[in-house]
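Student: Numbering-wise, my numbering comes out as the position in the sequence shown, counting from 1, plus 10.
Ideal placement from N, C-alpha and C gives every residue a C-beta, glycine not left out.
Every value quoted in this text rests on a predicted model; they were computed, and no experiment measured them.
Got a structure for you, questions after.
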Amino acid sequence: MYEPIRTKSVHATSDDADFPHRSREDELKIQLSGHLSALLAVTDELGLDEAAEAIAGQIGRLRGAPPARHAGLSGADPAALHRRALALAGRALVVAASRADTAAAILAAERMDAHTAALAEPLPDRSGPGQNHLPDRNLPGRKSPDQRLVGAH
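Here it is, written out as structure tokens:
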């Protein structure tokens, strides 16, 4: 009733394909070195030389060659660079944990802690001496915490 198929299906999978396949481990290694390379670029821009050397060492271990270093500065806000570095270190930590790479995971966690601490530092007070940005609770017309509106719970 039906004519038999005479040609190979384009949807058939074959193990003897003519393009190379990478293992999951190789893919994770490539992904981790990419995240660390991006983190290295941001770390270099922030001027954190000791941290940059540690990151470069991990990239060299993963790739088998030292990373290319970029000397250009973008002039971006340091807080924005710290946020970017924190995100990149988080991505590197996830991939390092996936491939059970303890050294890279520890380095990424340390960088996350350092950038979190840098973001938590208070900004310089530009309002002048004695100025406070918090509202004063004792201003006229402002209700004290002891005074409640009728019907308010």
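Can you have a look at residue 84 and say buried or exposed, based on whether 16 or more other CB atoms are within 10 angstroms of its CB?
Tutor: Looking up residue 84 in the sequence shown gives position 74. The residue is exposed, with fewer than 16 neighbouring Cβ atoms inside 10 Å.
Student: With a cut-off of 8 Å, do at least 3 Cβ pairs link the stretch 116 to 133 to the stretch 90 to 102?
Tutor: Yes, they touch.
Student: Does the beta-carbon of residue 51 have 16 or more other beta-carbons within 10 angstroms, so that it is buried, or is it exposed?
Tutor: Residue mapping note: residue 51 aligns to position 41 of the sequence shown, counting from 1. Residue 51 should be labelled buried.
Student: Would you kindly report the start and end of the unbroken alpha helix (DSSP H) that includes residue 92?
Tutor: Your numbering for residue 92 matches position 82 in the sequence shown. Its alpha helix (DSSP H) spans residues 88 to 108.
Student: Please classify residue 69: does DSSP put it in a helix, a strand, or coil?
Tutor: By one-based count along the sequence shown, residue 69 stands at place 59. Looking at residue 69 - three-state DSSP - the assignment turns out to be helix.
Student: Taking the straight line between their C-alpha atoms, what separation do you get for residue 77 and residue 66?
Tutor: For this step, residue 77 is matched to residue 67 along the sequence shown. For this step, residue 66 is matched to residue 56 along the sequence shown. About 6 Å.
Student: Should residue 129 be labelled buried (16 or more other beta-carbon atoms within 10 Å of its own) or exposed?
Tutor: Position 119 of the sequence shown holds residue 129. So residue 129 counts as exposed.
Student: Roughly how many angstroms lie between the CA atoms of residue 109 and residue 127, to the nearest whole one?
Tutor: Locating residue 109 in the sequence shown gives position 99, counting from the first residue. Locating residue 127 in the sequence shown gives position 117, counting from the first residue. One C-alpha to the other measures close to 27 Å.
Student: Comparing alpha-carbon positions, which option in 91, 94 and 69 lies nearest residue 114?
Tutor: Along the sequence shown, one-based indexing puts residue 114 at 104. Residue 114 has its Cα closest to that of 69, out of 91, 94 and 69.
Student: Out of curiosity, what's the CA-to-CA distance linking residue 156 and residue 94?
Tutor: By one-based count along the sequence shown, residue 156 stands at place 146. By one-based count along the sequence shown, residue 94 stands at place 84. Any reading at residue 156 needs caution, since the residue's pLDDT is 47, under 50, leaving its predicted position unreliable; the model's value is listed next. Approximately 44 Å, taken between the alpha carbons.
Student: Measuring CB to CB, does residue 92 end up less than 9 Å from residue 125?
Tutor: Walking along the sequence shown from the start, residue 92 turns up at place 82. Walking along the sequence shown from the start, residue 125 turns up at place 115. Result yes, Cβ atoms of residue 92 and residue 125 sit closer than 9 Å.
Student: Using three-state DSSP, classify residue 36 as helix, strand or coil.
Tutor: As a working mapping, residue 36 is identified with position 26 in the sequence shown. Three-state DSSP puts residue 36 in a helix.
Student: Report yes if the CB atom of residue 54 is closer than 9 Å to the CB atom of residue 62, and no otherwise.
Tutor: Position 44 of the sequence shown, counting from 1, holds the residue named residue 54. Position 52 of the sequence shown, counting from 1, holds the residue named residue 62. Cβ atoms of residue 54 and residue 62: closer than 9 Å.
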